[in-house]
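The sequence shown: position 385 = 387 (this note's numbering), numbered continuously.
For every residue, glycine included, the Cβ atom is placed at its ideal position computed from N, Cα and C.
Step one of this worksheet: look at the structure below.
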Amino acid sequence: MDRRHRKSGRHGIAGGRSVSVEQAILLAIAIPFLGVPGIIAARSHPNVREAMTLLTASALLMAVVVVVRAVAQGDRPAVTLFEVMPSLPIAFTIEPLGALYASIASFLWIVTSIYSIGYMRGHHEIHQTRFYAYFAIAIGSAIGIAFAGNMFTLFIFYEALTLSTFPLVTHHGTPKAKRAGRMYLGILIGTSIGFQLTAIVWTYVAAGTLDFRAGGILAGKLDPAWALPLLALYVFGTGKAAVMPFHRWLPAAMVAPTPVSALLHAVAVVKAGVFTVLKVVIYVFGIDWLTSTGAGLTMAIPAAMTMILASLVAMTKDNLKARLAYSTVSQLSYVVLGAMLANETAVVGSGMHIAMHAFGKISLFFCAGAILVAAHKTEVSELDGLGRTMPLTFAAFLLASLSIIGLPPMGGTWSKLLLAEGVLAAGQPIFLAVIIVSALLNVIYLISIPARAFFRPLPKSETTLSERASSIKEAPLPCLIAISITVSGAVALFFYGDRIALLLAPLGRGG
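Here it is in structure tokens:
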């Protein structure tokens, strides 16, 4: 391994002790898996089990912070475990995009665990120990994806993430949950084996390596005429990015408990998809070479179509989680679109949108779960007047909606602004029109929810506010704490978005 990647030395982690950045990388990957036996062992003691979850999540965050500090200082720490085949090692190399994704996953695991305590108990969910154990495995897989130094390593953890989240999607064990699980597994495994693995083998044959390298590995190794089919295999083969028509697994998976929905939409799964697409564009194709082939602009078309079509479908959904699910399908394609435009501003905007969408969307799902736990409501049409009995929840929903739309003072403002600038830099005003139309549709299907909760009259069946208030209150305190943290994070990203842009700036220069 190149010695300049190892200059970071030792960094403090806790209590005056220190570990090398390389040790912190291995710890960050191992900690979630090591926490699983403790979580299972404490199955008869819920308080201990949940304390073990929070302790494991906190330890992961500390290890990730060590790695992120090194990357922020310009280092690219790397660790190779072993070589499976010539030029095909299990290896980890941390660059700015991976550092950002790992930071999001590790921090939001803590917040989601806090939320889960209130939700799982308040909703009297079954199999809670299994839930926490598989959640930890999923987070460990997400960290492996974030830190992967090549497509081979990323693919292994990508598949592990799919398999570990399957029991979470089917958590309730109902026929509906089982059908959703079959669709989930079928689409994600089918696309990854049928398309993504084919693209990986093709890349290895053409380039002789699968390493993620600044500037990419395909220039001079692949005929530019083949760039488009290879890129299409990667984009559609990354089913977790939910580009239409391979998106149906995401709405179907909403049958899972709300903390699982948060995992799917904000913490790990869909972010792993768009993260993978962005990594492939920057470190496999290289943004300069991809631009020269014109393949990116062609693949921007399905991304743009997904943005609009998913928003239109979201408008038709009365079920709250289904509406939010189609919103996610649309928002993911903002990241894919920016990646396909393959210029400095668009790529940085795409990376930022991963963070901005994570905090905004997890807040929305937390609010949806709070409404279910406190009011037992699942449909948008049932929310009339509910904002007067759950004002904190619906105020948070409004703020999170503003972030998804891209309005100040929320973090989503900056990522969408950079994406719009990237579109103009690419000389493609048609995609700017798509972004504007999509944002307007966001306003319609999101803002209408808190608006009817605050301003519509109570249903005739509930004659007085006092009667309703006596039976409906805010969700349990852990749920409210988690919502407050994530919404505050979405606001903070508005004021500190420049720090994320600075961290991601090397991406626009090829990594």
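Within the same chain, Cβ atoms closer than 6 Å to the Cβ of Gly298 are found at Leu292, Met342 and Ala344, the five residues on either side in sequence being excluded.
Residue burial annotation: Lys242 is buried, with at least 16 other C-beta atoms found within 10 angstroms of its C-beta.
Judged by their CB atoms, Val245 and Val338 are nearer to each other than the 9 Å cut-off. When the Cα atoms are used, Val113 and Val269 turn out to be separated by approximately 10 Å.
Under the three-state reduction of DSSP, Glu97 is assigned to coil, being neither helix nor strand. Here Pro169 has Arg132 and Tyr136 as same chain residues with Cβ atoms under 7 Å from its own Cβ, once five neighbours each way along the sequence are excluded.
One Cα belongs to Val493, the other to Gly210, and the distance between them is close to 45 Å. Counting the other Cβ atoms within 10 Å of the Cβ of Pro431 gives fewer than 16, which makes it exposed. For the stretch 98-142, the continuous alpha helix (DSSP H) assignments of 4+ residues that do not extend past its boundaries occur at 98-124, in sequence order. The beta carbon of Met317 sits closer than 7 Å to those of Leu443, Ile446 and Tyr447, all from its chain and outside the five residues before and after it, given in chain order. Measuring C-alpha to C-alpha distances from Leu334 to each of Ile406, Ser194, Pro452 and Leu394 identifies Ile406 as the nearest. At a Cβ-Cβ threshold of 9 Å, Ala254 and Tyr160 do not count as neighbours. Of the other Cβ atoms in all chains shown, 16 or more fall within 10 Å of the Cβ of Lys323; this residue is therefore buried. Distance between Gly387 and Pro459, taken at the CA atoms: about 6 Å.
The residue among Gln25, Gly429, Tyr328 and Asp500 with its C-alpha nearest the C-alpha of Ile96 is Gln25. DSSP places Phe154 inside the alpha helix (DSSP H), whose first and last residues are Met153 to Val171.
Bounds of any beta strand (DSSP E) do not take in Thr240, whose DSSP letter is neither H nor E.
DSSP lists Phe84 as the bridge partner or partners of Ile92. With a cut-off of 8 Å on Cβ pairs, the stretch 494-510 is not in contact with the stretch 136-153, counting fewer than three such pairs.
In the three-state reduction of the DSSP assignment, Ala150 falls in the strand class. Rounded to whole angstroms, the separation of the alpha carbons of Leu212 and Tyr206 is 6 Å. The stretch 368-377 makes no contact with the stretch 415-428, as fewer than three CB pairs between them are under 8 Å. In the displayed model, Ser405 falls within a helix according to three-state DSSP. Annotation note: the stretch 241-309 contains the following uninterrupted alpha helix (DSSP H) runs of length 4 or greater, listed N- to C-terminal: 251-254, 260-264, 271-281 and 289-295.
For the options Ala264, Pro177, Ser60 and Gly296, the alpha carbon positioned closest to that of Ala360 is the one of Ala264. DSSP, reduced to helix, strand and coil, places Asn345 outside both helices and strands of the structure shown, so it counts as coil. Per DSSP, Asn444 has no beta-bridge partner at all.
For Asp500, the enclosing alpha helix (DSSP H) begins and ends at Leu479 to Leu506. Non-local C-beta neighbours of Arg78 in its own chain, meaning closer than 7 Å and more than five positions away in sequence, comprise His7, Thr95, Ile96 and Glu97, ordered along the chain.
Between Ala44 and Ala32, the C-beta gap is not smaller than 9 Å, which leaves the two residues out of contact.
Non-local C-beta neighbours of Ala455 in its own chain, meaning closer than 6 Å and more than five positions away in sequence, comprise Leu385, Leu388, Gly389 and Phe396, ordered along the chain. Secondary structure note for Gln25: its alpha helix (DSSP H) is the uninterrupted segment Val23 to Ala43.
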